[in-house]
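Below is one structure, written out as structure tokens, with a few remarks after it.
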Amino acid sequence: MKGSIRDAHQVAPSQTIGEDPPMPASDQLVIDIDSVAKTYRGGVQALRGVELRVHPGEVFGLLGPNGAGKSTLVKILMTIVRASKCKGRMLGSAIGDKSTLTRVGYLPEHLRFPDYLTGEQVVDHFGAMAGVPKPVRRKRADELLDVVGMSEWRKTRVGQYSKGMKQRLGVAQALVNDPDLVLLDEPTDGVDPLGRKEIRGIIQRMKEQGKTVFINSHLLSELELTCDRVAIMVKGEVVQQGTIDELTAESERYEFRVSVHTEHDESVLVGSALDLTCETIEYSAGVVRTTVADIHEIQPMIDALRAKQITIHSIKPTRNSLEDLFMNAVEAGGGDPGGVRKRRRKDAKGGKR
Amino acid sequence: MIVLQTAALFCDAYRELNARKLFWLSMILSGVVVFAFASIGFKDGYLAVLIWKTPLPLEAMGMTPETFYKFLFLNFGFKFWLAWATAIIAIVTTAGIIPDFISGGAIDLALSKPIGRVRLFLTKYAAALLFVAMQVTVFTALSFLVLGLRGKTWEPAVFLAIPLMIIFFSYLYCISALVGLLTRSTIAAMIIALLFWFFLFLLNATDSSLITFKAFTQETYERAVLNVELAERRKIDREESNGDGVKGFLLDTITEGYDQDAIDRAIVKRDEAKKNLDTLTWWHARTVNVKSALPKTNETLDLLQRALIEMGEMEEIASSSFGSGSGSEDTNDRIILDEEGNEIVAEFQGQFDEDANRIAARAQLEEFRARSILWVVGTSLGFEAFILAICCWVFSRRDY
Chain E
49 MKGSIRDAHQ
59 VAPSQTIGED
69 PPMPASDQLV
79 IDIDSVAKTY
89 RGGVQALRGV
99 ELRVHPGEVF
109 GLLGPNGAGK
119 STLVKILMTI
129 VRASKCKGRM
139 LGSAIGDKST
149 LTRVGYLPEH
159 LRFPDYLTGE
169 QVVDHFGAMA
179 GVPKPVRRKR
189 ADELLDVVGM
199 SEWRKTRVGQ
209 YSKGMKQRLG
219 VAQALVNDPD
229 LVLLDEPTDG
239 VDPLGRKEIR
249 GIIQRMKEQG
259 KTVFINSHLL
269 SELELTCDRV
279 AIMVKGEVVQ
289 QGTIDELTAE
299 SERYEFRVSV
309 HTEHDESVLV
319 GSALDLTCET
329 IEYSAGVVRT
339 TVADIHEIQP
349 MIDALRAKQI
359 TIHSIKPTRN
369 SLEDLFMNAV
379 EAGGGDPGGV
389 RKRRRKDAKG
399 GKR
Chain C
104 MIVLQTAALF
114 CDAYRELNAR
124 KLFWLSMILS
134 GVVVFAFASI
144 GFKDGYLAVL
154 IWKTPLPLEA
164 MGMTPETFYK
174 FLFLNFGFKF
184 WLAWATAIIA
194 IVTTAGIIPD
204 FISGGAIDLA
214 LSKPIGRVRL
224 FLTKYAAALL
234 FVAMQVTVFT
244 ALSFLVLGLR
254 GKTWEPAVFL
264 AIPLMIIFFS
274 YLYCISALVG
284 LLTRSTIAAM
294 IIALLFWFFL
304 FLLNATDSSL
314 ITFKAFTQET
324 YERAVLNVEL
334 AERRKIDREE
344 SNGDGVKGFL
354 LDTITEGYDQ
364 DAIDRAIVKR
374 DEAKKNLDTL
384 TWWHARTVNV
394 KSALPKTNET
404 LDLLQRALIE
414 MGEMEEIASS
424 SFGSGSGSED
434 TNDRIILDEE
444 GNEIVAEFQG
454 QFDEDANRIA
464 ARAQLEEFRA
474 RSILWVVGTS
484 LGFEAFILAI
494 CCWVFSRRDY
């Protein structure tokens, strides 16, 4: 399975690599891990040899269904879980090196702050734990609480916060040490659509400041909007990683929107112009879908359609969405895409509220 | 960095305590206890509490007002209020600190900071002792003023109560922390810590009782040895007496009944006493061995008494507090001629009853004060270090 891991930077040079900026050398990678494995007591294999590379200044998304091992991987990076096997480095130091964590910010999934602390005290406390001097902490606490929209609640005890407010506060505490790398585990969990938009804005700002952001999320649309590169993880293995463009390039194809102004049946007419029995062409409801990615290859199709008096409204190149890519990867990995689909629908509904 | 993180953890511990009602309830009750302590006064052989008066012959009890105040501070303020009531409240209040600390979502944040797990755990552990440290500091400072202003004795040694109480509580809290770490349950941590304390209390009570029994038995044995010698001497006197004259008549009367049987009975009693003494000594040695490996809560607290009250003063107080004539009623072990009821028996009997309580009190005091501070505190801290080492090992190796 390890052999199936595909880093799009290393494959298919004819498709996209020529257009990519030169990639940094391995020693410049923010996260460069190889063969990370974790077997919990009881024999549960959470990670089965994960390879991952995160480049400086990028927003990296880690996708995967429940139980894929995403949080375990992040926890290994943050020294919360001890890897059974781990080769690699984070910010130039070996994984597990505590001193590196002064340069890392972390927002855990299901985070829980002490109820007796106020928002301001939370940022101050975790800033001190990260080794930030008091005057700097105070200044940053003011700025960050303002950035996450929590200034008004700074003196209120966390016990009275909603889940979304706690999540915003979590983002603020993750940034208090002005980290080079920020790991966000489900950052928009429990946050309303407005809050999600704000968090996306914060992530964008981090990127502009040159920080590397690692997002662990099951919200595909969120990742699609924010991430430069993604990795898809299934059953403890990274099965694909690269830019969204790279990963979806393989599925690039052309679609025609067509209509017929005669009495003939549209599908019959299209069928007479194109060979619908072949696997590369499909027609339904006024749309001809091809698997052809080469513009030259569709010219004969255009000629054939026009010859049958079929009106072509549009010809556009199209690709699989991240969701399609994800579903395919999960299905290929023997995962449970149904569960993911359901959750995505639920999230989408939540998002529309 | 280390200073920043340690300060942050202690500051957090203070905020946590500050948010708990029990902490402030305990603090208020400490104030009430000190107020009660301060309201006690002495004048002309009377004990006055606010507007009430009662005769209290302190001198008969072998005490000066200064000693009485110190005794009151030690036994009521320190050993009862701080070492019992406050300690129970502290165990209840702090039992949840470690389980809360390692709960999901909270521990992730703590572990993701640049601090080693062992240092993180030990600092958190030390910070949890803040509850007792604050309570005992406030109580001791106020008591110091009361002792000075009311008892006319300024005793800086009372501040020893602060480290002693913290050390004492830490013996119990290490168990609470270990159970909290293993089970993640506040209730389990609290109950096991209380049961452990009860077990230590029983062990200490066993130690004290065995010291007392051993002292009694030692006394009985020494008297039995004397009785054997006396019986042998009287038998010789009787055999040598010719019964002539007043002297011979008196000697015959005094030594009547002292034959070989009497000597044999005395020897049996002596041997029985020796056997009992050996048995008690064996059991006591085993008890002390067990105690050596465990925390010595009572003896740690008694170190304050050692610092505040001299041995002689303590003997006076201890023996007078037992009263007189309330010793053991069992005389058979100590008398050789119980059926005859002659003057020798009466003399020994009376002397024994009079001394019994003094012997018990003295034996306990001597035994406990003979135990070195290094043994009392050192071995107890050794136990705590062992438990903390297990805690650190568990905490360091666990995945959260």
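Those protein sequence lines, which keep their order, are chains E and C. Note that the working numbering has the first sequence beginning at 49, numbered continuously upward. Note that the working numbering has the second sequence beginning at 104, numbered continuously upward. Backbone N, C-alpha and C define an ideal beta-carbon position, used for all residues, glycine too. As the structure is a prediction and not an experimental result, all values here were calculated from the model.
Review point. Taking contact to mean at least 3 C-beta pairs separated by less than 8 Å, is the segment 231-243 of chain C in contact with the segment 184-195 of chain E?
Key: With a cut-off of 8 Å, the segment 184-195 of chain E and the segment 231-243 of chain C do not count as touching, because too few Cβ pairs lie within range.
Review point. Using CA coordinates, which residue listed in Ala-141(C), Thr-289(C), Leu-125(C) is at the minimum distance from Leu-245(C)?
Key: It is Ala-141(C) whose Cα lies nearest to the Cα of Leu-245(C).
Review point. Do you know how far the Cα of Gly-207(E) is from the Cα of Phe-204(C)?
Key: Cα-Cα distance, rounded: 16 Å.
Point to revise | Any chain E beta carbon closer than 9 Å to Ser-215(C) | key: Ser-215(C) counts as touching chain E.
Exercise for review: Could you tell me the distance, in whole angstroms, from the CA atom of Ile-247(E) to the CA atom of His-158(E)?
Suggested key: Each residue's CA atom was taken as its position, placing Ile-247(E) and His-158(E) some 17 Å apart.
Exercise for review: Measure from the alpha carbon of Ile-412(C) to the alpha carbon of each residue in Ile-210(C), Phe-138(C), Phe-471(C), Leu-177(C), then state which is nearest.
Suggested key: It is Leu-177(C) whose Cα lies nearest to the Cα of Ile-412(C).
**Study point:** Simplified DSSP assignment, three categories, for His-361(E)
**Key:** In this structure, His-361(E) counts as strand in the three-state DSSP scheme.
Exercise for review: Out of Thr-390(C), Leu-214(C), Val-328(C), Gly-180(C), point me to the one whose CA is closest to Ala-376(C)'s CA.
Suggested key: Taking only the C-alpha atoms, the option nearest Ala-376(C) is Val-328(C).
Check your understanding: Within 9 Å (strictly less), CB to CB, does Leu-268(E) reach chain C?
Key -> For Leu-268(E), no CB of chain C lies under 9 Å from its own CB, so it is not counted at the interface with that chain.
Check your understanding: So, is the C-beta of Ile-201(C) closer than 9 Å to a C-beta in chain E?
Key -> Among the CB atoms of chain E, none fall inside 9 Å of the CB of Ile-201(C).
Exercise for review: Take Ala-369(C) as the anchor and find which of Pro-202(C), Val-239(C), Asn-330(C) has the nearest alpha-carbon.
Suggested key: Proximity to Ala-369(C) across Pro-202(C), Val-239(C), Asn-330(C) peaks at Asn-330(C), based on C-alpha coordinates.
Practice item. Run the CB neighbour count on Ile-131(C), radius 10 Å, all protein chains shown included, and call it buried at 16 or more, exposed below. Key: Exposed.
Exercise for review: Compare the beta carbon distance of Leu-297(C) and Ile-201(C) with 9 Å and say whether it is the shorter of the two.
Suggested key: Judged by their CB atoms, Leu-297(C) and Ile-201(C) are not nearer to each other than the 9 Å cut-off.
Point to revise | Among Lys-203(E), Gly-153(E), Ala-297(E), Ala-176(E), the one whose alpha carbon lies nearest that of Ile-263(E) | key: Distance check between Ile-263(E) and each of Lys-203(E), Gly-153(E), Ala-297(E), Ala-176(E) places Gly-153(E) closest, using alpha-carbon atoms only.
Practice item. Over the uninterrupted beta strand (DSSP E) stretch that includes Pro-348(E), give me the two end residues. Key: Going by DSSP, Pro-348(E) is part of no beta strand (DSSP E) but of the alpha helix (DSSP H) stretching over 343-355.
Point to revise | Cβ pair Leu-370(E), Leu-271(E) closer than 9 Å | key: In this structure, Leu-271(E) lies closer than 9 Å to Leu-370(E) by Cβ.
Check your understanding: Who does Ala-60(C) pair with in a DSSP beta bridge?
Key -> With chain C represented from 104 up to 503, any question about residue 60(C) goes unanswered, as that position is not in the structure.
Check your understanding: For Phe-181(C), which option in Ile-105(C), Ile-210(C), Phe-262(C), Leu-380(C) has the closest C-alpha, if you only look at C-alpha atoms?
Key -> Residue Phe-262(C) is the option with its Cα nearest to Phe-181(C).
Point to revise | Test: Asp-82(E) CB closer than 9 Å to a CB of chain C | key: So no, Asp-82(E) is outside the interface.
Check your understanding: What residues of chain E sit near Ser-505(C), judged by a beta carbon separation below 9 Å?
Key -> Residue numbering for chain C in the displayed model covers 104 to 503; residue 505(C) lies beyond these limits and cannot be assessed.
Check your understanding: Quick one: Cα of Arg-409(C) to Cα of Val-180(E), how far?
Key -> Roughly 46 Å between the two C-alpha positions.
**Study point:** Euclidean distance between Cα positions of Val-102(E) and Ala-488(C)
**Key:** Their Cα atoms are separated by approximately 43 Å.
**Study point:** Classification of Ser-307(E) by the beta-carbon crowding that lies within 10 angstroms, buried from 16 upward
**Key:** Under a 10 Å Cβ-count criterion, Ser-307(E) is classified as exposed, with fewer than 16 other Cβ atoms of the shown protein chains found around its own Cβ.
Review point. Which residues mark the beginning and the end of the alpha helix (DSSP H) in which Asp-374(C) is found?
Key: Start and end: 363-396.
Review point. Shorter than 9 Å from the beta carbon of Gly-97(E) to some beta carbon of chain C?
Key: False, the Cβ-Cβ gap to chain C never drops below 9 Å.
Point to revise | Among Gly-148(C), Ala-236(C), Gly-144(C), the one whose alpha carbon lies nearest that of Ala-116(C) | key: Answer by Cα proximity: Ala-236(C).
Practice item. Figure out for me which residue from Gln-357(E), Tyr-302(E), Asp-145(E) has the closest Cα to the Cα of Ser-320(E). Key: The candidate whose alpha carbon is nearest that of Ser-320(E) is Gln-357(E).
Exercise for review: Could you check which residue in Val-249(C), Thr-109(C), Leu-333(C) has the C-alpha nearest to that of Phe-171(C)?
Suggested key: Of all alpha-carbon atoms in Val-249(C), Thr-109(C), Leu-333(C), the one lying nearest the alpha-carbon of Phe-171(C) is that of Val-249(C).
Exercise for review: Would you tell me roughly how many angstroms separate the C-alpha atoms of Ile-447(C) and Ala-334(C), rounded to the nearest one?
Suggested key: The predicted model places Ile-447(C) with a pLDDT of 45, which falls under 50 and marks its position as unreliable; any figure quoted below should be read in that light. Taken atom to atom, the span from the alpha-carbon of Ile-447(C) to that of Ala-334(C) is near 10 Å.
**Study point:** Arg-337(C) - DSSP class collapsed to helix/strand/coil
**Key:** In the structure shown, Arg-337(C) falls within a helical segment according to DSSP collapsed to helix, strand and coil.
Check your understanding: Hey, is Gly-219(C)'s beta-carbon within less than 9 Å of any beta-carbon in chain E?
Key -> Output row for Gly-219(C): interface = yes.
Review point. Roughly how many angstroms separate the alpha carbons of Asp-502(C) and Arg-130(E), rounded to a whole number?
Key: Straight-line Cα distance between these residues: approximately 6 Å.
Practice item. State the DSSP-derived secondary structure class of Lys-118(E), mapped to helix, strand or coil. Key: In the three-state reduction of the DSSP assignment, Lys-118(E) falls in the helix class, which pools H, G and I.
Check your understanding: So who's on the other strand from Ala-142(E), going by DSSP bridges?
Key -> Note: Ala-142(E) sits in a beta bridge opposite Arg-137(E).
**Study point:** Those runs of the beta strand (DSSP E) which lie wholly inside the segment 241-294 of chain C and span at least 3 residues
**Key:** With a minimum length of 3 residues, no continuous beta strand (DSSP E) run stays inside the segment 241-294 of chain C.
Point to revise | Three-state secondary structure assigned by DSSP to Lys-86(E) | key: Annotated three-state conformation of Lys-86(E) is strand, per DSSP.
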